[in-house]
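Numbering (this note's numbering), first residue to last: 140 to 248.
We treat Cβ as the ideally placed atom computed from N, Cα and C, and that holds for glycine.
Accompanying notes for the structure given below.
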């Protein structure tokens, strides 16, 4: 949806968001489109860990996610790599993907 002209119609016409603001939000919205994939993958494997009684790793994964999120934001802000909202969306995607990977790896062992 965020990669099509429908998005402009949705944001500007239906939601009455000014075009300049709608254009500024597009990169972050496009990154966040992919966020749900690692979220779902992570949650499936967290369920496996919970059923198996290995809940401590979920806390470790959460701590790793928050650490990576904070580090990505700090480095991105220091280097002025991307606009704030896009950087935050990308940092969230990276952090959740890492946590999903950790959770998957542990659930498989």
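What three-state label does DSSP hand residue i in the structure shown?
i, result
"residue 219", "coil"
"residue 194", "coil"
"residue 226", "helix"
"residue 148", "helix"
"residue 211", "helix"
"residue 143", "coil"
"residue 231", "helix"
At what residues does the alpha helix (DSSP H) containing residue i begin and finish?
i, result
"residue 171", "158-172"
"residue 175", "175-190"
Excluding sequence positions up to five away, which residues of its chain have a Cβ less than 6 Å from the Cβ of residue i?
i, result
"residue 167", "224, 225, 228"
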